[in-house]
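Per my numbering, residue 4 is the first one in the sequence shown, and the count goes up by one each step. Even for Gly, the Cβ is constructed at its ideal location relative to N, Cα and C. Small disclaimer: the values here were computed from a predicted structure and weren't measured. The structure appears right after this line, and notes come after that.
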Amino acid sequence: MPEHTMPPENAPESPPIPMAVAVTRPSFSYFWFIPLIAAAVAVWTAYSIWSGQGPLITISFKTADGLQESRTKVKLKDVEVGTVTQVTLSPDLSQVLVQVRLAKSAAEHTRTGTRFWVVRPRLTASGLTGLNTLVSGSFIEMDPGPGKPHLDYVGLEAPPVVRQGTPGRRFLLRSDRLGSLAVGSPVNHRGIPVGEVQGYDLADDGQGVNIHVFIKAPYHDLVRTDTRFWNSSGVQATVDADGLRLKASSLQALLVGGITLATLSEKGRTPPAPEGTHFHLFDDFDSTGEVAYTRQVNYILYFDGSVRGLKVGAPVEFRGIKVGSVIDVHLTYDPKDATMRIPVLIRLEPERIVGMEVASITPKEIIGPLVQKGLRARLETSNLLTGQRLVAFDYYPDSPIRMVHATNDYTELPTIPGSLEEIAQSTTHLLARLQQMPLEEISQELLQTVAGTNRLVNGPEITTSVESLHDALLAIERLTTDLAKRTGPLVDATRTTMDQANHTLAATGKLLAPDAPLHYSLIDALQEVAAAARALRTLTSLLSQNPQSLLFGRHREEKR
């Protein structure tokens, strides 16, 4: 340890060293408030976020096109009410599961009737929609509906035509075929859009199509119990005496199809149709005058000849009155006898026949007695210009019942050849008979006859006869000229003779009048002639009995 040395005497004095004073400080620092405040803010923020969040729902779609986690929004009337948090595949890979965190304000709308769909650019019957998503990106649209609280949904692949709560009424149209109608096709009244097609599906019996339409308020009151709906899609062409006429409802109906409605009676005479009323969709306006029949019975026909020109929808008539239509025409093969057949399936509507009770009888019971009386089906031409044909029924009692019995699915009706087939058969028989005739011999005889006629015509006899005929005609001409000159005097003489004959007949009439003297003289003369005739008859009788009395006299004969 170094020794302590004293400072030198001449060294300056150092200042006094201050004495340290011990101060007692508090154990808590104010700096601890900073993390505490930060933690409190974080807790409050977390609580606010948690308390402001709505439910977590799951929506299933067929594809995740346009959906992104944490970026795709859920909107209600263009207001953000949620965000996509996760996009995953379902366990069976058949669909996409989209988890959405909704806002607390949208929690009360998560019910069974709520619908979700992805808004993206689409070309629909109403036009091009969703163009705003080209800039902002796709989003999920929410359409709240009624029902119980729900968290799992099946998303719509296309936007609904009508949103929940839109005032109006829904109706069901029944048609044989869909045609060019699609979701969103307009429903018009007097050219004004009053509704749209919401959707379509196959009927339960598989015999038609159910078309769901929505009529907006206040137009829904136009639909009455006797309202008629018809398909106004495409162009309607009519050919008549005035020429060809084309008619289209509208450009939209021409492109995407359309339906038109009209009420037959005046407003107020029939009640408004309630929600869900069923109507029949007619093919066109001309057919709206027909009654929509509910009872339809199918039958099958087999024709031997060609069915060219017979199309699906062709009318089935009885003596010119429509009783049904053709619903199917196809070609079948029967391996049992290696035969090709063409079954024609027709649908009859017995309610068209007034007085026929068909509610509780089978198809065989309906048509059986008529077949026994000679009811037969045949093909006839309905339009000579287009070659279209129809099925015509009539009574042919002398025609035998011919059945094929190729199927048990439908009741079969007998058929007979049509008029064209009969003409073809007659022509075939005629040609066959012509082939059997000795045409060569007949042609030779005809040639000989022609040659003989040629010789006769070009012979001198014909020339002489022609000259003689010419002379005779000249003589007749001279005779007629001479008669024409003498006709005047002859007519005058004839007129004079007729006048004299009239005077003579008048005088004769006066002589033969009932009060004329000649009348009585003639009566006396006739009486004398009658007496003489009786005397002559007596003499003749006497001579026939005693001819000798002519020589000896009557008295001498009596003496003997």
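6 Å Cβ shell around residue i - same chain, five flanking residues per side excluded
| i | result |
| --- | --- |
| Thr-230 | Leu-264 and Thr-266 |
| Ser-93 | Leu-100 |
| Val-157 | Ser-63 |
| Pro-147 | His-112 and Thr-117 |
| Arg-381 | Ala-395, Ile-419 and Gly-421 |
| Ala-244 | Caution applies to Ala-244, whose pLDDT of 45 falls short of 50 and renders its modelled position unreliable; the value that the coordinates give is listed next. No residues qualify anywhere along the chain. |
| Thr-115 | Gly-150, Lys-151 and His-153 |
| Ile-345 | Val-310 and Leu-334 |
| Tyr-222 | Val-197 |
| Ala-496 | none |
| Ala-110 | Gly-57 and Pro-58 |
Span of the beta strand (DSSP E) around residue i
| i | result |
| --- | --- |
| Ser-108 | Unbroken run through Ser-108: none, as it is neither H nor E. |
| Asn-411 | First-last for Asn-411: undefined, no H or E at that position. |
| Ser-63 | 56–64 |
| Asn-386 | 378–386 |
| Leu-267 | From DSSP, Leu-267 is part of no beta strand (DSSP E); its letter is neither H nor E. |
| Asn-234 | 230–234 |
| Val-157 | 155–157 |
For residue i, the residue or residues it bridges with in DSSP
| i | result |
| --- | --- |
| Tyr-3 | Residue 3 lies beyond the range of the chain shown here (4 to 563); nothing can be said about it. |
| Phe-119 | Met-145 |
| Thr-86 | Lys-76 and Arg-104 |
| Ser-178 | Val-212 |
| Glu-199 | Pro-189 and Phe-217 |
| Arg-481 | Per DSSP, none; premise fails for Arg-481. |
| Phe-282 | Leu-176 |
| Gly-171 | Lys-219 |
| Gln-391 | Asn-386 |
| Val-99 | Phe-64 and Leu-92 |
| Leu-225 | Note: Leu-225 sits in no beta bridge, so no partner. |
| Ala-418 | A small fix is needed here, since residue 418 is Thr in this sequence, not Ala. Answer is Ala-380, bridged to Thr-418. |
| Leu-351 | Val-300 and Gly-327 |
| Asp-502 | According to DSSP, Asp-502 bridges with nothing at all. |
| Leu-126 | Leu-131 |
| Ile-262 | Val-190 and Asn-234 |
| Leu-434 | Leu-434 pairs with nothing; no bridge assigned. |
| Asp-204 | Asn-213 |
| Pro-152 | Arg-114 |
Close Cβ partners of residue i (< 8 Å) along its chain, the five nearest in sequence each way excluded
| i | result |
| --- | --- |
| Pro-124 | Leu-131, Thr-132, Gly-133, Leu-134, Thr-136 and Leu-137 |
| Glu-160 | Phe-64, Lys-65 and Trp-120 |
| His-408 | Glu-415 |
| Gln-201 | Pro-163, Val-164, Val-165, Arg-173, Val-186, His-215, Val-216 and Phe-217 |
| Gly-390 | Arg-311, Gly-312 and Thr-384 |
| Glu-317 | For clarity, residue 317 is Ala in the given sequence; the question names Glu instead. If we look at Ala-317 and ignore the five residues flanking it on each side, its Cβ neighbours are Ser-328, Val-329, Ser-385, Gln-391, Arg-392, Leu-393 and Val-394. |
Segment limits, alpha helix (DSSP H) that includes residue i
| i | result |
| --- | --- |
| Leu-134 | No alpha helix (DSSP H) contains Leu-134, which DSSP labels as neither H nor E. |
Residues of its chain near residue i, where Cβ-Cβ distance is below 7 Å and the 5 sequence neighbours each way are ignored
| i | result |
| --- | --- |
| Ser-547 | none |
| Thr-543 | none |
| Val-315 | Val-329, Ile-330, Asp-331 and Val-332 |
| Gly-211 | Arg-177, Ser-178 and Asp-179 |
| Ile-526 | none |
| Pro-37 | Correcting the residue identity first, residue 37 is Ile in this sequence and not Pro. Taken in chain order, the list of residues that qualify is empty. |
Interface flag, residue i vs chain B, CB-CB below 9 Å
| i | result |
| --- | --- |
| Val-138 | Among the protein chains of the structure shown there is no chain B, as only one such chain exists. |
Going along the chain, which unbroken runs of the beta strand (DSSP E) with 3 or more residues stay wholly within the stretch 290–347?
Restricted to the stretch 290–347, the beta strand (DSSP E) segments that are unbroken, complete and at least 3 residues in length are 300–305, 318–321, 324–332, 335–337 and 342–344, listed in chain order.
With three or more C-beta pairs closer than 8 Å as the rule, is the stretch 272–288 touching the stretch 331–340?
With a cut-off of 8 Å, the stretch 272–288 and the stretch 331–340 do not count as touching, because too few Cβ pairs lie within range.
Whether or not the stretch 92–101 and the stretch 160–172 are in contact is what I'm after, with contact meaning three or more pairs of Cβ atoms, one per stretch, closer than 8 Å; do they touch?
Under the three-pair Cβ rule at 8 Å, the stretch 160–172 does not count as touching the stretch 92–101.
Would you be able to state if there are at least three C-beta pairs under 8 Å between the stretch 141–150 and the stretch 192–212?
Contact between the stretch 192–212 and the stretch 141–150 is absent: fewer than three C-beta pairs spanning the two stretches fall below 8 Å.
Does the stretch 392–401 come close enough to the stretch 433–452 that 3 or more CB-CB pairs lie under 8 Å?
Segments in contact, no.
Flag this pair as touching only if the stretch 64–73 and the stretch 110–122 have three or more C-beta atom pairs under 8 Å; answer yes or no.
Three or more beta-carbon pairs separated by less than 8 Å link the stretch 64–73 to the stretch 110–122, which places the two stretches in contact.
Taking contact to mean 3 or more Cβ pairs, one atom from each stretch, closer than 8 Å, check whether the stretch 297–307 and the stretch 401–414 are in contact.
Judged by Cβ distances under 8 Å, the stretch 297–307 makes contact with the stretch 401–414, as three or more pairs qualify.
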